[in-house]
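All letters in the sequence shown, in the order written, are residues 74 to 742 by the working numbering.
Just so it is clear, CB atoms sit at the ideal spot from N, CA and C, and this is done for glycine as well.
Only a predicted model underlies this, so the values are computations on that prediction, with no experimental measurement involved.
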Amino acid sequence: LLPGIDIAKSQGARYRLGPELEICGYGCSDHYYESDTLLHSFQVLAKLLESPATQDIICDVGMPVLHRNVRYNCRVIFLNKKILLIRPKISLANAGNYRELRWFTPWNKARHVEEYFLPRIIQEVTGQETVLFGDAVLATKDTCLGTEICEELWAPNSPHIEMGLDGVEIFTNSSGSHHVLRKAHTRVDLVNSATAKNGGIYILANQKGCDGDRLYYDGCAMISMNGETVAQGSQFSLDDVEVLVATLDLEDVRSYRAEISSRNLAASKVNPYPRVKVNFALSCSDDVAVPTCMPIQWRHHSPEEEISLGPACWLWDYLRRSKQAGFLLPLSGGIDSSATACIVYSMCHQVCLAVKNGNADVLADVRKIVNDETYVPEDPREFCKHIFTTCYMASENSSQDTCNRAKLLAEQIGSYHINLNIDTAVKAIVGIFSMVTGRNPRFSVYGGSSRENLALQNVQARIRMVLAYLFAQLTLWTRGMPGGLLVLGSANVDESLRGYLTKYDCSSADINPIGGISKTDLKNFIQYCIENFQLTALRSIMSAPPTAELEPLVDGQVAQTDEADMGMTYAELSIYGKLRKIAKAGPYSMFCKLINMWKEICTPREVASKVKHFFRMYSVNRHKMTTLTPSYHAENYSPDDNRFDLRPFLYNTTWSWQFRCIDKQVNAL
74 LLPGIDIAKS QGARYRLGPE LEICGYGCSD HYYESDTLLH SFQVLAKLLE
124 SPATQDIICD VGMPVLHRNV RYNCRVIFLN KKILLIRPKI SLANAGNYRE
174 LRWFTPWNKA RHVEEYFLPR IIQEVTGQET VLFGDAVLAT KDTCLGTEIC
224 EELWAPNSPH IEMGLDGVEI FTNSSGSHHV LRKAHTRVDL VNSATAKNGG
274 IYILANQKGC DGDRLYYDGC AMISMNGETV AQGSQFSLDD VEVLVATLDL
324 EDVRSYRAEI SSRNLAASKV NPYPRVKVNF ALSCSDDVAV PTCMPIQWRH
374 HSPEEEISLG PACWLWDYLR RSKQAGFLLP LSGGIDSSAT ACIVYSMCHQ
424 VCLAVKNGNA DVLADVRKIV NDETYVPEDP REFCKHIFTT CYMASENSSQ
474 DTCNRAKLLA EQIGSYHINL NIDTAVKAIV GIFSMVTGRN PRFSVYGGSS
524 RENLALQNVQ ARIRMVLAYL FAQLTLWTRG MPGGLLVLGS ANVDESLRGY
574 LTKYDCSSAD INPIGGISKT DLKNFIQYCI ENFQLTALRS IMSAPPTAEL
624 EPLVDGQVAQ TDEADMGMTY AELSIYGKLR KIAKAGPYSM FCKLINMWKE
674 ICTPREVASK VKHFFRMYSV NRHKMTTLTP SYHAENYSPD DNRFDLRPFL
724 YNTTWSWQFR CIDKQVNAL
């Protein structure tokens, strides 16, 4: 916090806003229940109050506060060793990945303040026994400021509406908003629309980075005035601290509001907010000649850029905080594992760029990871060799084509590449089974049953997981280097939804950077990497049909394909996933929507068959989600069972009532 405050002051700022719950970190989860979290937050607050850096600037920080034995998500606003106001959050985020109602209570007393008795550790610094706690605004010598906290901007009755009518000119929003593909524009539009109708200045500060779980908080700090963006922060970067500063003219707000008659009529009837008078000004008496910031056009990343940057930054945070020496990836030569490799390569690009731009923290982290106090990463390929190991695990069912693709991609990104064959281990495992039972399972092409066929595929897949962890632990040992490697998974969101993976195979890993990304988006990302990273090896990977390569080859060629195995295309899977999760559609509702969406290509009976097959496979395989590798959250239709997509994992897979409703409707049509 202090480095950011120092930078803000050095650039002439008079008000400093930070992200939501920044003192303890937003992702504390059930640690919020612990009194230690409250204690340590107040200890940090005491240090901030005492610091010379926080003098002569209004500081707005976030932390949990216990008031009358109720825990609130709060902003603590202070100036010159005096707390001005503790403002609790009014609207709590409780959808998707958010569980704030589990730990906090919303402040339901609009425009009401109470006395809050400060703990002794704070009283000793501020000399205050009590401070105001509740829904109030700050009145400085020259303007009026009001606070929103994250979700309150998204609520239909956002506080900035009434605050603006009551004369608040500057709105602040401390946010804990995580990255989702194609979401950034929604946040920007909300901020700009907040001041377009009502006038005013809106300041948003958001967390950035991995906060200890599946989410990546994607920054995008911004400042808006009268409906237009005037300052934009980065969405993805390796910088621990980023400060956004703007100089704006309050008279522009007043003249903008003056001609909106509907706003002024509503303002004349508004209930006033309690005002905390602050003997401090954000402006100076001699600032007439100071230039103000002009509106800018927001620069959005394409989805392919988001995939390249977001998971890469998340991986870097995970690597440096786990104190491991790098990553190991089973590289099959297919789109998914290749996309994962490209994300690691993008991470290496970001690291080299940050070091080139003088980021001393990133350089220090790099040196710890590679165990070399003199090392400077300059070339992404060279850095990749230090921290990234790829491994092609061939079997008698693998084609030479995928082997060559994996090897060529590894050469182009610079990873340390291993080729090995798993047939000896597979035969040993199957041999034990045959010795015990006296039976020899066969693939279906050799006359075996579907049960035998699937079991033989699963043995190969699971042995690959065992070998991946063995090589992750000991590869660096064989090279005379310290440390171990994190195992990366590469199952995409569509395969997880359908359950098209072996439980405890190579999808089981330490983390998975693409587990929240669709196959369609990954293909577009691969094309992006061909063009931007000049990875020509990806061309043949793009053109090859996706395959698990677990069944025997036919005339030396792959006969097994993913879409044939699944009984549906990846494009269809994305549609099913969005309807199931985002549109909240069960089997019958999904059928009703799809008969219109697909009326040009499918009969109602064909749609019914497709929907039934999807829900049958989804429910049969849902148990696999309970052991799904922690994945970067990137899509709102993720089937992540941990906290995002809470469903049973033991279903009645016949869906008898729902399917009868579909059949009845098909017959009627």
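Is it the case that the Cβ atoms of residue i and residue j are separated by a distance below 9 Å?
{"i": "residue 387", "j": "residue 292", "result": "no"}
{"i": "residue 218", "j": "residue 343", "result": "no"}
{"i": "residue 527", "j": "residue 402", "result": "no"}
{"i": "residue 195", "j": "residue 222", "result": "no"}
{"i": "residue 262", "j": "residue 299", "result": "no"}
{"i": "residue 411", "j": "residue 482", "result": "yes"}
{"i": "residue 588", "j": "residue 702", "result": "yes"}
{"i": "residue 358", "j": "residue 87", "result": "no"}
{"i": "residue 204", "j": "residue 159", "result": "yes"}
{"i": "residue 385", "j": "residue 422", "result": "yes"}
{"i": "residue 136", "j": "residue 108", "result": "no"}
{"i": "residue 711", "j": "residue 569", "result": "yes"}
{"i": "residue 639", "j": "residue 649", "result": "no"}
Have a look at the DSSP bridge pairing and note the partners of residue i.
{"i": "residue 466", "result": "493"}
{"i": "residue 189", "result": "204"}
{"i": "residue 640", "result": "Answer by DSSP bridge pairing: none, since residue 640 is not bridged."}
{"i": "residue 161", "result": "147"}
{"i": "residue 278", "result": "247"}
{"i": "residue 217", "result": "212"}
{"i": "residue 295", "result": "277 and 305"}
{"i": "residue 559", "result": "400"}
{"i": "residue 222", "result": "247"}
{"i": "residue 704", "result": "585"}
Consult DSSP for residue i and reduce its assignment to one of helix, strand or coil.
{"i": "residue 552", "result": "coil"}
{"i": "residue 413", "result": "helix"}
{"i": "residue 448", "result": "coil"}
{"i": "residue 121", "result": "helix"}
{"i": "residue 100", "result": "helix"}
{"i": "residue 400", "result": "strand"}
{"i": "residue 87", "result": "coil"}
{"i": "residue 155", "result": "strand"}
{"i": "residue 669", "result": "helix"}
{"i": "residue 584", "result": "strand"}
{"i": "residue 505", "result": "helix"}
{"i": "residue 419", "result": "helix"}
{"i": "residue 578", "result": "coil"}
{"i": "residue 366", "result": "coil"}
Starting from residue i and walking both ways along the beta strand (DSSP E), at which residues does that stretch end?
{"i": "residue 283", "result": "281-283"}
{"i": "residue 305", "result": "301-305"}
{"i": "residue 140", "result": "131-140"}
{"i": "residue 289", "result": "289-291"}
{"i": "residue 174", "result": "Run containing residue 174: none in the beta strand (DSSP E); it sits in the alpha helix (DSSP H), 173-176."}
{"i": "residue 349", "result": "348-350"}
Is it right to say residue i is buried, meaning 16 or more other beta carbons lie within 10 angstroms of its own, or is it exposed?
{"i": "residue 714", "result": "buried"}
{"i": "residue 317", "result": "buried"}
{"i": "residue 95", "result": "buried"}
{"i": "residue 390", "result": "buried"}
{"i": "residue 591", "result": "buried"}
{"i": "residue 296", "result": "buried"}
{"i": "residue 271", "result": "buried"}
{"i": "residue 544", "result": "buried"}
{"i": "residue 418", "result": "buried"}
{"i": "residue 722", "result": "exposed"}
{"i": "residue 604", "result": "exposed"}
{"i": "residue 555", "result": "exposed"}
{"i": "residue 173", "result": "buried"}
{"i": "residue 75", "result": "exposed"}
{"i": "residue 145", "result": "buried"}
{"i": "residue 337", "result": "exposed"}
Under DSSP, the alpha helix (DSSP H) around residue i begins and ends at which residues?
{"i": "residue 454", "result": "453-460"}
{"i": "residue 441", "result": "433-443"}
{"i": "residue 390", "result": "376-395"}
{"i": "residue 482", "result": "473-486"}
{"i": "residue 570", "result": "566-571"}
{"i": "residue 334", "result": "334-340"}
{"i": "residue 601", "result": "592-605"}
{"i": "residue 323", "result": "323-331"}
{"i": "residue 262", "result": "257-271"}
{"i": "residue 681", "result": "677-694"}
{"i": "residue 730", "result": "729-741"}
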